[in-house]
Every structure is written in C-alpha cells, then in structure tokens.
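What follows is a short report on a single structure.
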Amino acid sequence: MSPSLGSGGPGANGGGQGGRQQREGGGAGRNNIPAGSVPPGGDPNNTTVFVGGLPACISEETLRSFFHHFGEITYCKIPPGKGCGFVQFVRRQDAELAIAKMNDFPIHGKSRIRLSWG
Numbered sequence: 030m031s032p033s034l035g036s037g038g039p040g041a042n043g044g045g046q047g048g049r050q051q052r053e054g055g056g057a058g059r060n061n062i063p064a065g066s067v068p069p070g071g072d073p074n075n076t077t078v079f080v081g082g083l084p085a086c087i088s089e090e091t092l093r094s095f096f097h098h099f100g101e102i103t104y105c106k107i108p109p110g111k112g113c114g115f116v117q118f119v120r121r122q123d124a125e126l127a128i129a130k131m132n133d134f135p136i137h138g139k140s141r142i143r144l145s146w147g
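Residues 30 to 147 in this note's numbering are what the sequence shown spells out, letter by letter.
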C-alpha cells in the first residue's frame, strides 16, 4: 500500500502543477518523523537509532561517547565502509531524546549526522 500524496487528481489543488503531485511537508528525507512518534507500522518498542552521515574516521567507541549521556546503551555498531551506524538504547525515551537533540549535530567539522529510527 503506497501513501496518499494528496486528495483529488492532478491539479486538484489549483496550483497548476502540470499533473504532478507533491508531498506535503517538502522534506528531502523519507524519515521526517517527529521524535517521540511512532512511524506507521513501526514498533513502539524500538530503541535503535540509525545514525547517518558519519565520517570514516569515527569509531564505535567515539560514536558511543556522543550518545552515552542520553541513557544506557545496549550496543553501538558501525558497519565498515557504510558511513552510518546504529545505537541501541535500553529505554525508548532515551532514544527519542537522542534523536530530538542530536539530529543534524556536527561531528568532526563539516559532517552533520542524520538520525532516524533504526
């Protein structure tokens, strides 16, 4: 089942879109879900945070150091060569807080991390 992109047919909003439908919100990412909310069909018990945009020089220990003050961490994993990682918290509310506070946080200069549910 695909998400609804609007009501009515092309041009139903009177915007003269030339038959193209646009998503509401205008966000570039597919994971524009506010922290604390559960994505449709998502697991309300999920405590894993996906961390994208990691520089290659970041170690799992360093990644853990950025997130440990939000709560107890079960594990921290960076797959080799992927530029991303996963941080799993013991409690969901700790993961929610980490997503809210650390999304778009600069790490090592220019890199800004992108967070979503993992």
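Yeah, the Cβ is synthetic: ideal placement off N, Cα and C, and Gly gets one too.
Note that the structure is a prediction, hence the values are computed from the model and not measured.
Shown here, residue 140 sits in a strand according to DSSP, grouped into three states.
Contact annotation: the segment 89-101 touches the segment 114-130, with at least three C-beta pairs closer than 8 angstroms. In this chain, the alpha helix (DSSP H) harbouring residue 130 covers 121-131.
When beta bridges are read from the DSSP output, residue 145 appears opposite 79. In this structure, residue 147 keeps its C-beta atom at 7 angstroms or more from the C-beta atom of residue 91. For residue 118, no alpha helix (DSSP H) segment is defined; the enclosing uninterrupted segment is the beta strand (DSSP E) at 113-118. Note that the C-beta distance between residue 82 and residue 140 is below 7 angstroms.
Residue pairing by DSSP puts residue 102 in a beta bridge opposite 118.
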